[in-house]
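*Asks:* One structure, pasted below without further comment.
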Ligand code: HEM
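Chains as they are written, first to last, in the numbering used here: chain A, -16 to 224; chain Y, 206 to 328.
Shown next, in the form of structure tokens:
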């Protein structure tokens, strides 16, 4: 019971510590965290924070900005879904309609596109920052792996988004991807069908790609990001907003 | 009274978020992304990948598909994933070295793509 009381205090009052003090005094916190393994809130507001990481020049806000980009993509993506229709010819024509007929459609599409481009840059710079500050080292190695998973998901989301434009170029990209997957012995043909459906050489927009891009991958990414944030705390790491 | 470093950081993060949103909005108003070639138009002979996948396109150009687009990217991802363990078993420097080697490889391929596909072919 005593532990849970301490946990509550820690939620309300984070305490600042210098790096020097931190070494010794962090241990009770770790013990406490071990006892409340499932308490998400506890990790979002940890009790002790190293002063060094409270400088904006430690993280350069790159992880937080990547998450902000993800939120932007979610909001603009849902708005795009109101008018986008997957399909060999409907995909391309609905993109044209969004861009030229739907009120504010072009600005929503452009915001979606540019947040995705900027996110690729911020995620990569975030990874460079993590290496620069040696933050991949134990106990953060699992969070590094989660990060690598996020990087792969971002790239796959970007790729499926490109296919949804439904242009000839997206058809070429889908065909190359399908042919590559088919090279995997045994599983290849099934994998290509599961991942891409039946794209034509002239359009990569299929219902299968649409569901991956708008539902499965973003949800997987959201879950992985929440786990990423939880782990930052659990590993005694930096403090985002 | 000096402001707490936490509030200071919060304020800086807020400013960074604002800059990000303004940059996105400006880009969105000024530059519309292309829509590519209509599928009703005559077939295009060559499709250039979006810049993010430029490194793939370069690899595919020079290597057999299984190597260029499956084995090499898989090795890069596995190499990245292994950085903490490389640092743990072989020493800190190796973590940095492996990451730098992989990251530079991707950057070189990207540069190669930019020159070859986006600049050279348009001359
Ligand atoms: C969608 C992508 C990602 C998001 C939204 C994200 C978000 C964050 C945030 C908000 C932080 C807190 C510190 C900071 O802002 O720098 C963080 C820390 C961290 N991230 Fe990410 N991240 C992403 C991708 C990655 C990738 C690709 C890697 C590495 C391969 C990675 C590895 C880490 C590690 C190891 C930490 C702990 C750093 C420390 O304690 O100093 N993350 N991440």
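All residues carry an ideal CB built from backbone N, CA and C; glycine is no exception. A quick note: this is a predicted structure, and the numbers were derived from the prediction, not measured.
1. Look at residue 149 of chain A and residue 98 of chain A and say whether their C-beta atoms are less than 8 Å apart.
2. CB of residue 141 of chain A to nearest heavy atom of the ligand HEM: below 7 Å?
3. Just how far apart, CA to CA, sit residue 215 of chain A and residue 119 of chain A?
4. When DSSP labels each residue in this structure, what does residue 33 of chain A get in the three-state scheme?
5. Could you please give the first and the last residue of the uninterrupted alpha helix (DSSP H) stretch that includes residue 197 of chain A?
6. Let me know the secondary structure DSSP gives residue 73 of chain A once reduced to three states.
7. Rounding to the nearest angstrom, what Cα-Cα distance links residue 303 of chain Y and residue 287 of chain Y in this structure?
8. Can you tell me which residues form a DSSP beta bridge with residue 183 of chain A?
9. Listed from N- to C-terminal order along the chain, which residues in the segment 33 to 49 of chain A have their beta-carbon within a distance smaller than 7 Å of any beta-carbon of chain Y?
10. Can we count residue 110 of chain A as close to the ligand HEM, meaning its CB is less than 7 Å from some heavy atom?
11. Can you check the segment 71 to 107 of chain A for any alpha helix (DSSP H) of at least 4 residues that lies completely inside it and give the ranges in chain order?
12. Using a C-beta to C-beta distance shorter than 7 Å, which residues of chain A count as neighbours of residue 249 of chain Y?
13. If you compare alpha carbons, which of A:135, A:72 and A:81 is closest to residue 368 of chain Y?
14. Does the beta carbon of residue 121 of chain A come closer than 8 Å to any beta carbon on chain Y?
15. Relative to the alpha-carbon of residue 61 of chain A, which residue among A:196, A:133, A:79 and A:162 has its alpha-carbon at the smallest distance?
16. Answer yes or no: the CB of residue 195 of chain A versus the heavy atoms of the ligand HEM, is any distance below 7 Å?
17. Any contact of the segment 304 to 315 of chain Y with the segment 240 to 253 of chain Y, i.e. 3+ C-beta pairs under 8 Å?
18. Using a Cβ cut-off of 8 Å, which residues of the segment 112 to 137 of chain A contact any Cβ in chain Y, in chain order?
19. When every heavy atom of the ligand MN is checked, does at least one fall within less than 7 Å of the C-beta of residue 205 of chain A?
20. Which of the three DSSP states, helix, strand or coil, is assigned to residue 242 of chain Y?
21. Would you grab the beta carbon distance between residue 133 of chain A and residue 222 of chain Y for me? Rounded to a whole angstrom, and I think it's under 8 Å.
22. Let me see if you follow: with CB-CB separation under 8 Å, is residue 227 of chain Y close to chain A or not?
23. How would you list, in chain order, the residues of chain Y whose beta-carbon sits under 7 Å from the beta-carbon of residue 141 of chain A?
24. Measuring only the C-alpha atoms, how far is residue 95 of chain A from residue 36 of chain A?
25. Chain A beta carbons: is any one of them nearer than 8 Å to that of residue 314 of chain Y?
26. Check whether the Cβ of residue 210 of chain A sits closer than 7 Å to any heavy atom of the ligand HEM, and report yes or no.
27. In the structure shown, what three-state DSSP assignment does residue 286 of chain Y receive?
28. Between the alpha carbons of residue 116 of chain A and residue 192 of chain A, how many angstroms are there, rounded?
29. Does chain Y have any CB closer than 8 Å to the CB of residue 166 of chain A?
30. Please confirm if the segment 40 to 54 of chain A is in contact with the segment 220 to 235 of chain Y, defined as three or more CB-CB distances below 8 Å between the two stretches.
31. One question on the structure: do residue 163 of chain A and residue 275 of chain Y come within less than 8 Å of each other, judged by their Cβ atoms?
32. By the 7 Å beta-carbon criterion, what residues does the segment 186 to 215 of chain A contribute toward chain Y?
33. By the criterion of Cβ-Cβ separation under 8 Å, what are the contact partners of residue 67 of chain A in chain Y?
34. My understanding is that residue 300 of chain Y touches residue 292 of chain Y, with C-beta atoms under 8 Å, so please give their C-beta distance in whole angstroms.
35. Does residue 82 of chain A get closer than 8 Å to chain Y when you measure Cβ to Cβ?
*Replies:* Reading it off the structure:
1. no
2. no
3. 11 Å
4. strand
5. Looking at the DSSP string, residue 197 of chain A is not in any alpha helix (DSSP H), and its letter there is neither H nor E.
6. helix
7. 9 Å
8. A:186
9. 34, 37, 39, 44, 47 and 48
10. yes
11. 73 to 83
12. 151
13. Any property of residue 368 of chain Y remains undetermined from this structure, which presents chain Y solely from 206 to 328.
14. yes
15. A:196
16. no
17. no
18. 114, 117, 119, 120, 121, 123, 124, 127, 128, 131, 134 and 135
19. With respect to the ligand MN, the structure shown offers nothing to examine, as its ligands consist of the ligand HEM.
20. coil
21. Not really, about 19 Å apart at Cβ, beyond 8 Å.
22. no
23. 257
24. 31 Å
25. no
26. no
27. helix
28. 37 Å
29. yes
30. yes
31. yes
32. 186
33. Within chain Y, no residue comes near residue 67 of chain A; the closest Cβ sits about 13 Å away, beyond 8 Å.
34. 3 Å
35. yes
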